Amino acid sequence: RPAAARGRGAQTPGKDPTVKLDAYLPKPFTMTCGDWEITSPVPTVQAGKIVTAFQAMQAEQARRIDAGEPLLTEEDVDGIPQTLDELSPIILGETQVERLLNDGCPPAYVNSAAFAAVIYWANGASEQAVAAYMAGLNTAAEDAQATLDAIYQTAVPKAQTPSPSQTGQPTE
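Residues in the sequence shown are numbered consecutively from 36, following the numbering used here.
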């Protein structure tokens, strides 16, 4: 028997048979850096491959550093952006990056947004992954400040130097 006759595939009168997938698809990732709103569009297949390769390269570099091994060379990673300046136009869009920089957005903001976008997309459009990364940065910054504060507190003060007299003659 045909599917419609068995009760499967029959359309309900007045119902649109089209399934709307928009609710299930990822949305662009928008973040705020200072006064700038920066959006990473949903990556193309090619951009997605580059994001995956960039993340894998970063992980391998970190592993090599921990193991005391030589870092990957340019030849090892040919075709993969090696810096955030190279990656930013791919993940944020060249036009947006140019506009941001021309509007005075600090390059550090653009690079931070690009790296957050890599984390977001490489982790399945996860805002939680970005939040965890940012929390880690904040903890690292707090630890660095605590270390600097401790160094400052234990620093030996400089010896006092005699003040010159008002007449210009040496004082004793």
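We treat Cβ as the ideally placed atom computed from N, Cα and C, and that holds for glycine. Only a predicted model underlies this, so the values are computations on that prediction, with no experimental measurement involved.
Range of the contiguous alpha helix (DSSP H) that encloses residue i
i	result
glutamate 208	There is simply no residue 208 to check, as the chain begins at 36 and stops at 207 in what is shown.
threonine 67	No alpha helix (DSSP H) contains threonine 67, which is instead part of the beta strand (DSSP E) from 64-68.
proline 105	Unbroken run through proline 105: none, as it is neither H nor E.
proline 124	119-127
Identity of the residue in the options nearest residue i by Cα
i	options	result
phenylalanine 64	Glu129, Gly171, Ala190, Ala151	Ala151
alanine 82	Met66, Pro52, Gln96, Leu122	Leu122
proline 124	Gln188, Ala179, Pro76	Pro76
alanine 165	Ala148, Lys84, Glu110	The sequence shown places valine at residue 165, rather than the alanine named in the question. If we check each option's Cα against that of valine 165, Ala148 comes out closest.
proline 61	Gly103, Pro78, Cys68	Pro78
aspartate 120	Glu95, Glu110, Leu172, Pro141	Pro141
asparagine 158	Thr87, Asp57, Val80	Thr87
glycine 114	Phe89, Gly103, Gln93, Asn146	Phe89
threonine 118	Ala185, Thr67, Met92	Met92
Endpoints, the beta strand (DSSP E) within which residue i is located
i	result
isoleucine 73	71-75
CB of residue i within 8 Å of CB of residue j, strictly
i	j	result
isoleucine 73	leucine 127	yes
tyrosine 155	serine 161	yes
arginine 98	proline 105	no
tyrosine 144	tryptophan 71	yes
isoleucine 85	proline 52	no
Restricting to runs no shorter than 3 residues, where is the beta strand (DSSP E) found entirely within the region 133-157?
Correct list: empty.
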